[in-house]
Amino acid sequence: MAKWLMKAEPDPRIVKGKDVKFSVDDFEKIGVSSWEGVRNFEARNIMRDKMKLGDKVLFYHSSCKSPGITALAEVSKESYPDYTAWDPKHPYFDAKSDPESPKWYMVDVKFNRRLPFLVSLVVLRALASLSAPPSYLPYLTENHLAGIKSMNLLNRGRLSVQPVEDVAWEAIELLGEKGGWEGHLDVKGSKKTVGKKGSDSREGGAENHSMDNEAVRRTKESKNTGGQKRKRIIEGEEESGRTVRRSTRRKQGI
DNA sequence: GCCAACGTTGGC
DNA sequence: GCCAACGTTGGC
63 MAKWLMKAEP DPRIVKGKDV KFSVDDFEKI GVSSWEGVRN FEARNIMRDK
113 MKLGDKVLFY HSSCKSPGIT ALAEVSKESY PDYTAWDPKH PYFDAKSDPE
163 SPKWYMVDVK FNRRLPFLVS LVVLRALASL SAPPSYLPYL TENHLAGIKS
213 MNLLNRGRLS VQPVEDVAWE AIELLGEKGG WEGHLDVKGS KKTVGKKGSD
263 SREGGAENHS MDNEAVRRTK ESKNTGGQKR KRIIEGEEES GRTVRRSTRR
313 KQGI
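Numbering (this note's numbering), first residue to last: 63 to 316.
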């Protein structure tokens, strides 16, 4: 059984007069949701070709105060055309998608359970900067740490539907279940830079002298330093002509 | 609100 | 088929 991570936006955002937010609260309430609105070929291909019934899903909060993994879910229906692309009134309308040969696909995902601890992006980045599992997370193995380091989430920020390795899944599940980094990793560290905008962004105020917070800071400084240019071949398809460009978001399916 | 990263488009 | 320009993503 394969494993995946899927992003959604928990904060309200109006597109074409409709709110496209979809939070873990919404998800839990609704139980099962279609995953419409993905307008990126690689993510689409994963949903269309790879995601199978019963596959496990990490539910991720994106574009919000504390981005991170909030819940576990699973695929409850395999791919079918994303019909929202055909409705001109819909936020995710795409004039290039034709019911006769659908361009965009989606799956249904079923809410399983919340993680007691938010496994935030900040925490994951901080852990990924360590060379060994920290002593305050005794359940975290070297393999887990390696799994975290190689997560698409950390290395390919913009892919909204992405594969997750078994060992990374296990690490996330343990972290979300057990926590244990409080007081060690500066989770509130996602706060704004105090003072000037733009230029020299340090981490907000806090005089963090612990090794762990040092890890957080270092991570932030060395962030996505572009680096390797990658060429990504999206198997199977070249699309021509202009399309709706949104690629990551989705709307709530009510 | 800013802006780096990067996916997509389209001119050549 | 390359690559500059463009527009979006999404963390901060």
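C-beta: ideal position from N, C-alpha, C; glycine also.
query                                                                                                                                                                     : result
With a CB to CB cut of under 7 Å and the five nearest residues on each side skipped, what residues in its chain are close to residue 73?                                  : 83, 125, 126
What's the call for residue 106, buried or exposed, on a 16-neighbour Cβ count within 10 Å?                                                                               : buried
Run through DSSP, which three-state label would residue 78 get?                                                                                                           : coil
Near residue 80, what residues of its chain come up, given a Cβ to Cβ distance below 6 Å and the 5 sequence neighbours on each side ignored?                              : 153
Distance, Cα to Cα, residue 171 vs residue 123?                                                                                                                           : 15 Å
Compute the distance between the beta-carbons of residue 143 and residue 167, then report whether it is under 7 Å.                                                        : yes
Our contact map puts residue 113 next to residue 140 with C-beta atoms below 8 Å; I'd like the distance itself, whole angstroms only.                                     : 7 Å
Identify the continuous alpha helix (DSSP H) that holds residue 239 and give its terminal residues.                                                                       : 228 to 240
So, helix, strand or coil for residue 261, using DSSP?                                                                                                                    : Caution is warranted here: a pLDDT of 30 is assigned to residue 261, below 50, making its placement in the model unreliable, and no coordinate value can be reported.
Please report how far the alpha carbon of residue 215 lies from the alpha carbon of residue 221, in whole angstroms.                                                      : 8 Å
Which residues in the same chain as residue 90 place their Cβ atom closer than 8 Å to its Cβ, once the five residues preceding and following it in sequence are excluded? : 133, 173, 176
Assuming the contact rule is C-beta atoms closer than 8 Å, residue 131 and residue 169 should be a hit. Round their C-beta distance to whole Å, please.                   : With 8 Å as the limit, residue 131 and residue 169 do not qualify as a contact, their Cβ atoms being about 18 Å apart.
Only counting the same chain, and skipping five residues up and downstream in sequence, which positions put a Cβ closer than 6 Å to that of residue 207?                  : 195
Which residue wins for smallest C-alpha separation from residue 245, given the options 63, 185, 217?                                                                      : 185
Give the straight-line distance between the Cα atoms of residue 243 and residue 236, rounded to the nearest whole angstrom.                                               : 12 Å
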